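These notes are about the structure you will find just below.
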Amino acid sequence: MPPIFRPLVPVAALALTALVAAGCASAPVQQDGITINDPYEAQNRRVHAFNKGLDARVIGPVANRLKGSDEDDSAPRDPDAPIGPLQMVINAGRNLSLPVKSVNGLLQGKPRDAGANLARFAVNSTVGLGGIFDPATDSFGLTERNTDFGQTLAVWGVPEGAYLELPLLGPSTQRDAVGQVADLLIDPLYHLLDGPEAGAVFGLRVASKAGDRARFGDTVDGILQGSADSYAQTRLIWLMNRRFDLGETRDDYDPYDDAEVMDPYQD
Amino acid sequence: MTIMTPMTMPRSWTPIRTDRRRFLGLIACAGGAALLPGRPAFALDSAGARALIDRSLGEVYQVINSGQPAAQMYQQFEAIFARYADVDVIARSALGPMARQTDAPVFADYRQSFQGYIGRKYGARFREFIGSRIEVTGARPLKSFYAVTSVAHLNGRAPMEVEWHVSDRSGQDLYFNIIIEGVNMLASERAEIGAMLARRQGDVTALAADLRQAG
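So the sequences go chain by chain: A and B.
Here the first sequence is numbered in my numbering, starting from 14 and rising by one per residue.
Here the second sequence is numbered in my numbering, starting from 4 and rising by one per residue.
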């Protein structure tokens, strides 16, 4: 295990135990055809209040400042214009996530996706100057195949489990929480690099996430600070999006499944 | 567009029960919807649904690329929404069972506030599409309506799937739901409006006032 993550394991174990202990089981409910399995809601809502406060006081203001230093987005953006520093950080951090995505592609039995991510990593790390630029997409049409170990577990048939809101990391499920820890442990970059380099890679990836938060800040603010029940809204939106990404909408709510389509004209 | 050959014609015309979707698709492609008994001559088809979304997106991008101040953009998004979406049924669905117990003038007031709220809320999201393009990729019949699929290409991000549900049940061809990467607008708004209504103990007039400040 990469040494910098060794302290994380007891923390993660403790968090999961606490969650299980706090759970007063309630059965999953259907909301407009979407399954909400949230037996730890009381605990999750406390974590949500913490995350929301943190976002309002720390993450949001920092993200807005980052965004302010980048280009003014009220003007139409020319796709050929040079990218700003914010996008460079987002790109570089995302590029470093490609090796572990490639590993997950292999674990899921999708060698083509694994190959595409690896080829992207090779092109953008070299021609793209360490991933700052994205010639893989621009010149070769080689887009990212986004994946993670949570998806690998889903492919292997592990059930989603209960909904969780994790401190700092935000919405998750029991399956995805395990996946998030596993992704750190199986990432080839952390095995190939030693202490300070692994730390730098980790830092850049965190910065990239922060950059995404800055770029899509209006959406996050809208849901988190503008919602009447931001916990329920975050949970619903996150679950719909996550199940869509995993191709798991079919089990409960699927817009392609005639019987489950929400049809307001039938009310 | 599918060309009907003598071989495929009988197969697609007879077994409505076994392959209704394909049947409808072929009918739509042949432009023969008017021939179906019991359907009005102007009935919606895949091509019509697709054209509606194409026109609507064209107008959205005109606004996005105009470089106007945000407030002005939101007003224009609201106007586009009012023109192409079935605001009445969306507002009704978002209000849930309370819609049936609400007097017409109170509902009309709520509906108007809801329309402005959607214009601002989704307008803010659309502004994040600056520098992107959306490509309409297909349309197919689904239940009692049509699903139009499109792909949004954003700078430095994986392409996003956006699906539009179009219906003519209001008497006009209008869309009533947008599903962005699995996130269903109608489901989200039903939850959100439900929470706002609960906060006001079921008072729709107070909800309408809140909506004018929200989004």
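Quick reminder that beta carbons are idealized off the backbone N, C-alpha and C, glycines included.
Remember, predicted model here, so these are calculated numbers, not experimental data.
Tell me the DSSP secondary structure of residue i in three-state form.
i	result
GLY183 (chain A)	strand
GLU192 (chain B)	helix
PHE84 (chain B)	helix
GLY141 (chain B)	strand
LEU29 (chain B)	Note that LEU29 (chain B) has pLDDT 43, beneath the 50 cutoff, so the model's placement of it is unreliable and the number below is only indicative. Helix at LEU29 (chain B).
GLN346 (chain A)	The first residue shown for chain A is 14 and the last is 280, placing residue 346 (chain A) beyond what the model contains.
ARG53 (chain B)	helix
TYR113 (chain B)	helix
ALA155 (chain B)	strand
VAL186 (chain B)	strand
TRP167 (chain B)	strand
GLN44 (chain A)	strand
ARG203 (chain B)	coil
ARG255 (chain A)	helix
ALA245 (chain A)	helix
LEU67 (chain A)	helix
GLU178 (chain A)	strand
ILE49 (chain A)	strand
ASN68 (chain B)	coil
ALA132 (chain A)	helix
GLN216 (chain B)	helix
LEU237 (chain A)	helix
ILE145 (chain A)	coil
ALA46 (chain B)	coil
LEU177 (chain B)	strand
ALA73 (chain B)	helix
What do you get for residue i, buried or exposed, if any count of 16 or more other CB atoms within 10 angstroms of its CB means buried?
i	result
TRP251 (chain A)	buried
ARG125 (chain A)	exposed
ALA94 (chain B)	buried
THR139 (chain A)	exposed
CYS37 (chain A)	Caution applies to CYS37 (chain A), whose pLDDT of 49 falls short of 50 and renders its modelled position unreliable; the value that the coordinates give is listed next. That one is exposed.
ASP106 (chain B)	exposed
ARG103 (chain B)	exposed
GLY205 (chain B)	exposed
SER170 (chain B)	buried
ARG86 (chain B)	exposed
GLY134 (chain B)	buried
PHE134 (chain A)	buried
ASN64 (chain A)	buried
VAL66 (chain B)	buried
LEU38 (chain B)	In this prediction, LEU38 (chain B) has a pLDDT of 40, which is less than 50 and means its spatial position is unreliable; nothing more can be read from the coordinates.
VAL73 (chain B)	As written in the sequence, residue 73 (chain B) is Ala, which differs from the Val given in the question. That one is exposed.
VAL42 (chain A)	exposed
GLU210 (chain A)	exposed
SER96 (chain B)	buried
SER69 (chain B)	exposed
Quick one: list the residues of chain A neighbouring residue i, beta-carbon separation under 8 Å, in chain order.
i	result
SER116 (chain B)	What SER116 (chain B) touches in chain A: nothing, since even the nearest Cβ is about 14 Å away.
VAL63 (chain B)	Chain A residues near VAL63 (chain B): none, gap ~13 Å exceeds 8 Å.
VAL92 (chain B)	PRO277 and TYR278
SER49 (chain B)	What SER49 (chain B) touches in chain A: nothing, since even the nearest Cβ is about 15 Å away.
ARG172 (chain B)	TYR278
What does residue i reach in chain D if we use C-beta pairs closer than 7 Å?
i	result
VAL186 (chain B)	Absent from the structure: chain D. Protein chains present are A and B.
Does the distance from the C-beta atom of residue i to that of residue j stay below 9 Å?
i	j	result
TYR178 (chain B)	SER59 (chain B)	yes
ALA195 (chain A)	THR186 (chain A)	no
ALA161 (chain B)	PHE132 (chain B)	no
ALA220 (chain A)	VAL102 (chain A)	yes
MET199 (chain B)	LEU210 (chain B)	yes
THR165 (chain A)	ASN130 (chain A)	no
ILE183 (chain B)	GLU164 (chain B)	yes
GLY227 (chain B)	GLY197 (chain B)	The structure shown does not extend to residue 227 (chain B), since chain B is modelled only from 4 through 218, so no value can be given for it.
VAL60 (chain A)	GLU173 (chain A)	no
ARG255 (chain A)	GLY185 (chain B)	yes
ALA132 (chain A)	PHE153 (chain A)	yes
SER153 (chain B)	ILE137 (chain B)	yes
PRO277 (chain A)	VAL92 (chain B)	yes
GLN193 (chain A)	GLY212 (chain A)	no
ASN187 (chain B)	ASP45 (chain A)	yes
GLY106 (chain A)	VAL168 (chain A)	no
Identify the contact partners of residue i in chain B, using a Cβ-Cβ distance below 7 Å as the criterion.
i	result
ASP242 (chain A)	ALA198
GLU54 (chain A)	Neighbours of GLU54 (chain A) on chain B: none; closest Cβ ~14 Å, over 7 Å.
List the residues of chain B that residue i touches, going by C-beta distances under 9 Å, in chain order.
i	result
GLY239 (chain A)	LYS124, ALA217 and GLY218
THR186 (chain A)	Those within 9 Å of THR186 (chain A) in chain B number zero; the least Cβ separation is about 15 Å.
GLN44 (chain A)	ALA190, ARG193 and ALA194
Against residue i, what residues of chain A qualify as contacts under a CB-to-CB distance less than 9 Å, listed in chain order?
i	result
PHE129 (chain B)	Here the premise fails: no neighbours, minimum Cβ distance about 10 Å.
Along chain B, in chain order, which residues have C-beta atoms closer than 8 Å to that of residue i?
i	result
ALA245 (chain A)	ALA194 and ALA198
* Answer yes if the segment 198–208 of chain A comes into contact with the segment 98–118 of chain A, meaning at least three C-beta pairs across the two stretches below 8 Å, and no otherwise. => The segment 98–118 of chain A, when compared against the segment 198–208 of chain A, does touch it at the 8 Å Cβ threshold.
* Tell me, please, whether the segment 187–198 of chain B touches the segment 49–60 of chain A by the rule of three or more beta-carbon pairs shorter than 8 Å. => Output reads no: the segment 49–60 of chain A does not touch the segment 187–198 of chain B.
* Asked: Are there three or more Cβ pairs, one per stretch, closer than 8 Å when the segment 73–91 of chain B is compared with the segment 117–128 of chain B?
  -> Result yes; three or more Cβ-Cβ pairs closer than 8 Å.
* Asked: Quick check: the segment 203–215 of chain B against the segment 107–124 of chain B, are there 3 or more CB pairs under 8 Å?
  -> Segments in contact, yes.
* Asked: Is the segment 238–250 of chain A close to the segment 139–151 of chain A, with three or more CB pairs under 8 Å?
  -> Three or more beta-carbon pairs separated by less than 8 Å are not found between the segment 238–250 of chain A and the segment 139–151 of chain A, which leaves the two stretches without contact.
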